[in-house]
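Protein chains in written order, with our numbering: chain X, 189 to 819; chain H, 3 to 82. Every residue, glycine too, gets a C-beta built ideally from N, C-alpha and C. Since the structure comes first, as structure tokens, the remarks are kept for the end.
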Amino acid sequence: TTRTPTFLGLGDNVDGEDLRHNGSASDVIVGVIDSGIWPESKSFNDIGFGPVPISWKGECEEGMNFTASLCNRKLIGARFFLKGFEAEMGPINQSDDFRSPRDSLGHGTHTSSIAAGSAVKEAAFLGYAAGVARGMAPLARIAMYKACWLGGFCVSSDVLAAIDKAMEDNVNILSLSLALNRLDYDKDSIAIGALAATEHGVFVAAAGGNDGPTSSSLANVAPWLTTVGAGTLDRKFPATIILGNGKVFPGESLLFQGNGLPDEMLPIVYHRFGKEVEGSIVLDDLRFYDNEVRQSKNGKEPLGMIYANMVFDGTELVATYAQSPSAVVGKEIGDEIRHYVITESNPTATIKFNGTVIGYKPSPMVAGFSSRGPNSITPEILKPDLIAPGVNILAAWIGVKGPDSEFNIKSGTSMACPHVSGIAALLKAAHPEWSPAAIRSAMMTTAKTSSNDGKPILDSATGKPSTPFAHGAGQVSPVSAFKPGLIYDLTAMDYLHFLCASNYTSSQIKIITRIEFSCDRSKEYRISELNYPSFAVTINRGGGGAYTYTRIVTSVGGAGTYTVKVMSDVKAVNISVEPAVLDFNNVNEKRSYSVIFTVNPSMPSGTNSFGSIEWSDGKHLVRSPVALTWT
Amino acid sequence: AFSERSSYVVHTAVTTMTSAEKFKWYESSVKSISASGEVLYKYNHAINGFSARLTPEEVELLSGKPGILAVVPEVVYKLE
Numbered sequence: 189t190t191r192t193p194t195f196l197g198l199g200d201n202v203d204g205e206d207l208r209h210n211g212s213a214s215d216v217i218v219g220v221i222d223s224g225i226w227p228e229s230k231s232f233n234d235i236g237f238g239p240v241p242i243s244w245k246g247e248c249e250e251g252m253n254f255t256a257s258l259c260n261r262k263l264i265g266a267r268f269f270l271k272g273f274e275a276e277m278g279p280i281n282q283s284d285d286f287r288s289p290r291d292s293l294g295h296g297t298h299t300s301s302i303a304a305g306s307a308v309k310e311a312a313f314l315g316y317a318a319g320v321a322r323g324m325a326p327l328a329r330i331a332m333y334k335a336c337w338l339g340g341f342c343v344s345s346d347v348l349a350a351i352d353k354a355m356e357d358n359v360n361i362l363s364l365s366l367a368l369n370r371l372d373y374d375k376d377s378i379a380i381g382a383l384a385a386t387e388h389g390v391f392v393a394a395a396g397g398n399d400g401p402t403s404s405s406l407a408n409v410a411p412w413l414t415t416v417g418a419g420t421l422d423r424k425f426p427a428t429i430i431l432g433n434g435k436v437f438p439g440e441s442l443l444f445q446g447n448g449l450p451d452e453m454l455p456i457v458y459h460r461f462g463k464e465v466e467g468s469i470v471l472d473d474l475r476f477y478d479n480e481v482r483q484s485k486n487g488k489e490p491l492g493m494i495y496a497n498m499v500f501d502g503t504e505l506v507a508t509y510a511q512s513p514s515a516v517v518g519k520e521i522g523d524e525i526r527h528y529v530i531t532e533s534n535p536t537a538t539i540k541f542n543g544t545v546i547g548y549k550p551s552p553m554v555a556g557f558s559s560r561g562p563n564s565i566t567p568e569i570l571k572p573d574l575i576a577p578g579v580n581i582l583a584a585w586i587g588v589k590g591p592d593s594e595f596n597i598k599s600g601t602s603m604a605c606p607h608v609s610g611i612a613a614l615l616k617a618a619h620p621e622w623s624p625a626a627i628r629s630a631m632m633t634t635a636k637t638s639s640n641d642g643k644p645i646l647d648s649a650t651g652k653p654s655t656p657f658a659h660g661a662g663q664v665s666p667v668s669a670f671k672p673g674l675i676y677d678l679t680a681m682d683y684l685h686f687l688c689a690s691n692y693t694s695s696q697i698k699i700i701t702r703i704e705f706s707c708d709r710s711k712e713y714r715i716s717e718l719n720y721p722s723f724a725v726t727i728n729r730g731g732g733g734a735y736t737y738t739r740i741v742t743s744v745g746g747a748g749t750y751t752v753k754v755m756s757d758v759k760a761v762n763i764s765v766e767p768a769v770l771d772f773n774n775v776n777e778k779r780s781y782s783v784i785f786t787v788n789p790s791m792p793s794g795t796n797s798f799g800s801i802e803w804s805d806g807k808h809l810v811r812s813p814v815a816l817t818w819t
Numbered sequence: 003a004f005s006e007r008s009s010y011v012v013h014t015a016v017t018t019m020t021s022a023e024k025f026k027w028y029e030s031s032v033k034s035i036s037a038s039g040e041v042l043y044k045y046n047h048a049i050n051g052f053s054a055r056l057t058p059e060e061v062e063l064l065s066g067k068p069g070i071l072a073v074v075p076e077v078v079y080k081l082e
């Protein structure tokens with residue numbers, strides 16, 4: 189990807205000091221379960237790579253247009269799983285897809301290069317977003333597990349087979365940019381497989397889904413998964429729309445090849461009225477976010493297009509490929525243009541395109557499409573865990589679909605997820621002894637909650653400050669995550685206790701964990717005791733007014749005295765922490781603390797309140813988000 | 003008969019067998035309820051179990067057999 193390494197503080201220079209933490213990342217293997225890979229992409233070149241890690245047990249499977257020799261010291265493995273897909277959907281049409289690890293959709297090539305692509309100079313898409321493209325962990329190795337086929341569909345038996353094989357192959361990180369929401373854990377192959385992988389020491393990141401801004405729309409919400417939402421970059425592709433009445437509006441350019449529009453004002457027609465389009469700019473309504481705007485109206489190419497949003501009035505507009513010079517505007521501006529075109533007898537307009545602009549403020553903003561909490565399966569676990577760049581992301585592309593370009597720009601939580609997977613690879617390299625939960629904790633407690641203008645992160649869907657239900661702990665901040673000071677760790681036993689607290693039966697627990705485990709009926713299991721780096725409190729109307737959560741923190745920064753600071757946004761909640769000071773004498777020492785939320789139980793149902801609990805020793809800031817919901 | 007079949011992920015309670023023994027047991031479990039039931043995958047790490055193409059009647063028969071924890075219908079995830 190271009191820009192995101194710098195935006196996240198990692199820098200663009202792969203040879204420079206900015207990657208000082210990345211020295212041993214070449215031993216880390218990132219497994220990506222996706223639509224396959226285009227091995228010829230420069231993002232998968234292995235120049236300068238040493239032999240594959242001795243732990244690697246995987247293979248480069250051969251198939252249609254894919255030989256074992258296409259793997260190298262960067263792309264060390266590639267497999268494909270389609271028995272389940274073909275059993276459900278019938279044999280794949282080999283003119284549409286490859287019966288091999290080769291990617292026909294572009295998605296898997298894009299995501300795997302975001303996680304761990306090698307550095308490629310002079311990358312761009314039709315001239316946009318130019319720069320050095322590199323993955324978050326450019327020295328890590330990639331293994332592709334193709335389990336997603338035509339239409340971007342991935343059936344659970346294939347996904348489970350991919351996870352099974354990735355574990356056998358000894359990947360260290362798994363990246364899953366696929367989702368389906370509202371699945372109970374014992375019915376969800378991703379959740380079940382990911383728990384087995386986590387117990388095996390594999391860090392698993394998963395996309396939170398693109399069903400935002402609807403509330404409770406998140407997928408992949410199990411507490412052993414790292415759930416990733418999407419944020420914007422500080423990069424835009426602005427366009428200016430000028431109407432014949434002299435009014436000027438800001439918009440965003442779609443990505444097109446060639447020159448812009450002629451200098452003169454052009455006739456503008458409204459697509460809804462089905463007028464002739466040749467020689468005109470066409471104004472079209474954009475009713476739903478679908479990441480693919482419609483092209484070519486009435487079978488004739490217009491000179492240019494203006495897509496005017498009809499749905500929400502957010503300022504976030506997602507760039508996509510267009511055949512003719514095109515721009516997108518939000519609803520409010522769209523309404524003004526619509527009014528002008530309808531009421532003026534001979535309306536005219538033009539669009540000026542301003543290329544790629546860096547440094548846009550504020551950023552990040554939570555993407556409107558990024559799925560939102562509360563967690564629909566376990567409301568007491570706050571999700572998403574964090575956000576990462578997922579809007580207008582340039583990354584590697586395939587040679588058979590869409591525009592003829594080695595790179596493409598795409599948006600989605602699919603693009604955010606591999607940012608976190610790649611950063612997890614860097615953390616695994618720097619701290620090989622850290623568990624998957626420790627790696628997630630480091631990323632969450634050091635995440636940024638402010639944008640580049642110093643103000644709280646905004647939500648694109650509303651234009652107002654975002655909440656932890658949209659951004660979780662905040663935007664991943666990799667350099668800080670290397671030295672988190674304290675971590676919240678979790679073991680397999682903690683997850684068993686969590687399942688007991690969630691009232692799963694012994695049989696369901698055995699399905700999810702493969703372990704024969706009976707919950708102790710004499711013991712009171714509580715989800716609030718799961719040592720999670722965030723707090724979600726569900727308050728029942730008429731219930732007790734105090735909720736106690738316990739946590740254990742482990743010092744990974746050595747000796748230090750940490751004091752706590754509590755932030756809360758409403759007076760209906762009092763948050764106290766005991767003890768308020770934690771002393772550590774050595775690395776790996778553990779200390780426990782309790783948080784007591786004393787609340788007014790009679791707040792209206794649906795009320796939310798947010799805050800944070802921050803521990804600091806003056807050098808480290810260890811921050812946990814808090815979300816309270818009155819049901 | 004094939005068109006009546008759907009895919010299921012079958013979770014089993016076998017934990018003490020070797021991989022080879024488990025895989026053999028998975029095959030024989032399906033064969034015992036169906037002459038034409040097809041095992042898609044045998045899993046070794048992610049779950050204790052397998053996936054198979056089964057008719058609704060076969061699902062009912064298999065669900066009642068000792069050692070079978072659950073027969074879960076296939077779900078379809080989507081790239082995001």
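Within chain H, the residues Y79, K80, L81, E82 have their CB atoms less than 9 Å from the CB of A367 (chain X), given in chain order. Here N360 (chain X) is buried. Its C-beta has 16 or more other C-beta atoms within 10 Å. Under DSSP, the beta-bridge partners assigned to P813 (chain X) are X:S800.
Neighbourhood of R329 (chain X) in chain H, by CB distance below 8 Å: empty, with the nearest CB roughly 20 Å away. With distances taken between CA atoms, N398 (chain X) lies nearest to X:L366 out of X:A385, X:P426, X:L366. Contact between the stretch 668 to 681 of chain X and the stretch 627 to 634 of chain X is present: three or more C-beta pairs spanning the two stretches fall below 8 Å. Among the residues facing chain X, Y28 (chain H) is not included, as its CB has no counterpart in that chain under 8 Å away. Beta-bridge partners of P411 (chain X) (DSSP): none assigned.
Looking at the backbone, the Cα of S764 (chain X) and that of K652 (chain X) are separated by about 28 Å. For the pair Y28 (chain H) and F52 (chain H), the CB atoms are nearer than the 8 Å cut-off. Any Cβ of chain H closer than 8 Å to the Cβ of D357 (chain X) would place that residue at the interface, and such an atom is absent.
Counting every other CB atom within 10 Å of its CB across the protein chains shown gives E60 (chain H) a total of 16 or more, marking it as buried. Annotated three-state conformation of W27 (chain H) is helix, per DSSP.
With a threshold of 8 Å between beta carbons, A15 (chain H) makes contact with chain X.
For the stretch 295 to 306 of chain X, the set of residues with a beta-carbon nearer than 9 Å to any beta-carbon of chain H comprises H295, G296, T299, in chain order. For V347 (chain X), the enclosing alpha helix (DSSP H) has its first and last residue at 344 to 357. Excluding residues up to 5 positions away in sequence, H13 lie with their Cβ nearer than 7 Å to the Cβ of A72 (chain H) in the same chain.
Per DSSP, the continuous alpha helix (DSSP H) segment holding K698 (chain X) begins and ends at 694 to 701. Here the stretch 258 to 268 of chain X does not lie against the stretch 564 to 583 of chain X, with fewer than 3 beta-carbon pairs under 8 Å apart.
When the Cα atoms are used, V769 (chain X) and L383 (chain X) turn out to be separated by approximately 34 Å.
In the DSSP assignment, Y79 (chain H) forms a beta bridge with X:C342. Judged by their CB atoms, N580 (chain X) and A661 (chain X) are not nearer to each other than the 8 Å cut-off. The C-beta distance from P513 (chain X) to F541 (chain X) rounds to 7 Å, short enough to meet the 8 Å contact threshold. Sequence-distant partners of E247 (chain X) (beyond 5 residues in either direction) whose C-beta falls short of 7 Å from its own C-beta, in its chain, are G265, R267. Residues of chain H with a Cβ closer than 9 Å to the Cβ of I575 (chain X) do not exist; the shortest Cβ-Cβ separation is about 14 Å. Between T633 (chain X) and R811 (chain X) the beta-carbon gap is near 6 Å, inside 8 Å, which marks them as a contact. Using a CB distance cut-off of 8 Å, G265 (chain X) does not count as an interface residue toward chain H. Residues of chain H with a Cβ closer than 8 Å to the Cβ of G467 (chain X) do not exist; the shortest Cβ-Cβ separation is about 39 Å.
For F273 (chain X), the enclosing alpha helix (DSSP H) starts and ends at 271 to 277.
Under the 10 Å beta carbon count, N774 (chain X) is surrounded by fewer than 16 other beta carbons and is classified as exposed.
Within its own chain, the residues whose Cβ lies closer than 8 Å to the Cβ of K698 (chain X), once the five positions on either side in sequence are excluded, are E704, F705, listed in chain order. Residue ranges of uninterrupted alpha helix (DSSP H) with 4 or more members, entirely inside the stretch 191 to 271 of chain X and ordered along the chain, are 192 to 195.
One thing to note: S564 (chain X) has its Cβ within 8 Å of the Cβ of R370 (chain X). Around the beta-carbon of M681 (chain X), fewer than 16 other beta-carbon atoms lie within 10 Å, marking it exposed. Rounded to the nearest whole angstrom, the C-alpha separation of F437 (chain X) and Y713 (chain X) is 57 Å. Closest option to R329 (chain X), judged by alpha-carbon separation, among X:I235, X:D374, X:Y683, X:P401: X:I235.
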